[in-house]
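**Q** In UniProt numbering, the protein residues as written are 3 to 514.
C-beta: ideal position from N, C-alpha, C; glycine also.
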Ligand code: UN1
């Protein structure tokens, strides 16, 4: 399935046996030509990966179905025990996997480690959950009857993940789905296939050690055609997709047509409101990491700052000064704050957005640009930029996956909330204030319309314990914590008659 992986892993100081041994996994042969994975850090070819074709897809789904028949009969706490071991295996390879994510995707090593930590955290969460898949008991209106509900596994869960969190978002879905008794077929981003291959190795070994069948965790590498196969396939009752709104609409349509379930986590256009009562030290730090972390490629990245006019100039000056201290460079070098964009297409979108905001009347506070020369040979390193803009600009309404931050001025809090909500997306939002009335108004039913609303914290960096997702064009799905697990199960209502008669519900008489 892969070619050249061990040389690349050794080059960045990773032990290939930690991530690259294939014990317990059957790889299917594919006849297609291979995909190449390049690192945006140094532009080098990391490996070639063979994508799936329709035949291999069929074989994977057939195997996943067989695996489900076994897996659903394993008691949930025992499934949790296996997920606990997966969490422990991830603890052992945290540095190696974090490094691979950093090298393949371009986020800083610290953020690569953070991503693996999210995987470990969700495994812990799922282990606890495996003993808490609770249903209600309900009082029946009929004598000698009782009612309850139970939650059963769904079957095959298709997981489509994006390049920016190439491993964590899969694990939020997979760890929950597994304890729920589902099996997973994962289509990772074709821009980060190696991190996915590494994960498949890590979990495959553990399932094999427990004598579990192949197919509880499957990986299908391919382009959008694999996503289409999953979306149209009635054997896949749930498709959980993370990525662009464009992709999400296609998935929702295909899955909706067959009345399947989709769980969508799509684009964000996240804003921080900075009021005149903000602690500006916290506000600047929160905005800075929110805007430039992962080089602006999180779906939770801060894209807009909505600033009260009395503190506007101060925020602008302090941010510009913070930006001037950012060090851009190889993400594996811990002295650097900002790594590259994922590829040159992303650089083109970044440049086009900058042209667009300027054409619409935006004014550069910190101008952008592509870095060249030694260390920047991949052509994927760009300067984080700040523009003064208006919320209604077409480009401001749009999610550009790059470190471009728009500053918008407001007078009243009502106006700020309207601006914050005045975009098609509804993922994450924040307010910086020490005033309780402002904070509560922002969190109220008349406040932020997003799935995530924070106070004195930036828009990114959600913890796994909360439900993650958003409204409007973000797609409405919730993954990860809270009761997000319910999306991975089917609810069954049971009524049991232990009496010697058969009274009908609603008091209906039907005697012969
Ligand atoms: C994403 O960008 O798709 O909240 C996920 C955050 C991370 C997850 C982001 N925990 O920023």
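1) Would you check if the segment 59-67 and the segment 214-225 touch, i.e. whether three or more CB-CB distances between them fall below 8 Å?
2) If I measure Cβ to Cβ from residue 356 and keep anything under 6 Å in the same chain, skipping five residues before and after, which residues do I get?
3) If you drop the 5 nearest sequence neighbours on each side, which residues of the same chain put their C-beta closer than 7 Å to that of residue 177?
4) Rounded to a whole number of angstroms, what is the C-alpha to C-alpha distance between residue 43 and residue 310?
5) Tell me residue 408's beta-bridge partners as DSSP assigns them.
6) Less than 6 Å between C-beta atoms, sequence neighbours within five positions excluded: which residues of the same chain meet that for residue 298?
7) How many whole angstroms separate the CB atoms of residue 483 and residue 459, which I take to be in contact at a CB cut-off of 8 Å?
8) From the DSSP output, which residues share a beta bridge with residue 186?
9) To the nearest angstrom, how far is the alpha carbon of residue 386 from that of residue 253?
10) When DSSP labels each residue in this structure, what does residue 473 get in the three-state scheme?
11) When DSSP labels each residue in this structure, what does residue 40 get in the three-state scheme?
12) I need the straight-line Cα distance from residue 82 to residue 175, nearest angstrom please.
13) Straight-line CA distance for residue 439 to residue 454?
14) On the premise that residue 41 lies in contact with residue 51, defined as a C-beta separation below 8 Å, what is that separation, rounded to the nearest angstrom?
15) From residue 323 to residue 58, what does the alpha carbon distance come to, in whole angstroms?
16) Whether or not the segment 161-176 and the segment 193-207 are in contact is what I'm after, with contact meaning three or more pairs of Cβ atoms, one per stretch, closer than 8 Å; do they touch?
17) Helix, strand or coil: how does DSSP classify residue 68 here?
18) Within a Cβ cutoff of 8 Å, which residues of the same chain sit near residue 101, ignoring the five residues on either side of it in sequence?
19) What residue ranges within the segment 302-375 form continuous alpha helix (DSSP H) runs of no fewer than 4 residues, ordered along the chain?
20) So, with DSSP's three-state summary, where would you put residue 198?
21) Tell me whether residue 302 counts as near the ligand UN1, meaning its Cβ is closer than 7 Å to at least one heavy atom of that ligand.
22) Roughly how many whole angstroms lie between the Cα atoms of residue 136 and residue 469?
23) Considering residue 448, what are the terminal residues of the alpha helix (DSSP H) in which it resides?
24) Kindly give me the distance between the Cβ atoms of residue 329 and residue 337, rounded to whole angstroms, as I take these residues to be in contact under 8 Å.
25) Are the beta-carbon atoms of residue 274 and residue 307 separated by less than 8 Å?
26) Taking residue 286 as the reference, which of 138, 318, 255 has the closest Cα?
27) Measuring only from the beta carbon, is residue 473 closer than 7 Å to any heavy atom that is part of the ligand UN1?
28) Please report how far the alpha carbon of residue 294 lies from the alpha carbon of residue 383, in whole angstroms.
29) Touching or not, the segment 181-190 and the segment 145-159, by the rule of three or more beta carbon pairs under 8 Å?
30) The ligand UN1 and residue 166: does the residue's C-beta get closer than 7 Å to at least one heavy atom of that ligand?
31) Give the DSSP-derived three-state secondary structure of residue 147 in the structure shown.
32) Based on DSSP bridge pairs, tell me the residues matched to residue 492.
33) For residue 244 versus residue 267, is the C-beta distance shorter than 8 Å?
34) For residue 425, which option in 170, 181, 472 has the closest C-alpha, if you only look at C-alpha atoms?
35) Would you mind listing the alpha helix (DSSP H) stretches within the segment 208-271 that are 4+ residues and don't spill past its ends, in chain order?
36) Here's the rule I'm using: 16 or more other beta-carbon atoms within 10 Å means buried, otherwise exposed. How should residue 304 be labelled?
**A** Checking against the coordinates, here is how it stands:
1) yes
2) 370
3) 85, 124, 125, 128
4) 38 Å
5) 306, 389
6) 404, 405
7) Their Cβ separation, rounded to whole angstroms, is 16 Å, which puts residue 483 and residue 459 out of contact at 8 Å.
8) 159, 219
9) 32 Å
10) strand
11) strand
12) 14 Å
13) 19 Å
14) Contact doesn't hold; Cβ gap of about 14 Å is too wide.
15) 53 Å
16) yes
17) helix
18) 14, 15, 16, 111, 114, 334
19) 311-326, 346-361
20) helix
21) yes
22) 17 Å
23) Run containing residue 448: none; DSSP gives neither H nor E here.
24) 6 Å
25) yes
26) 318
27) no
28) 12 Å
29) yes
30) yes
31) strand
32) 154
33) yes
34) 472
35) 226-234, 247-259
36) buried
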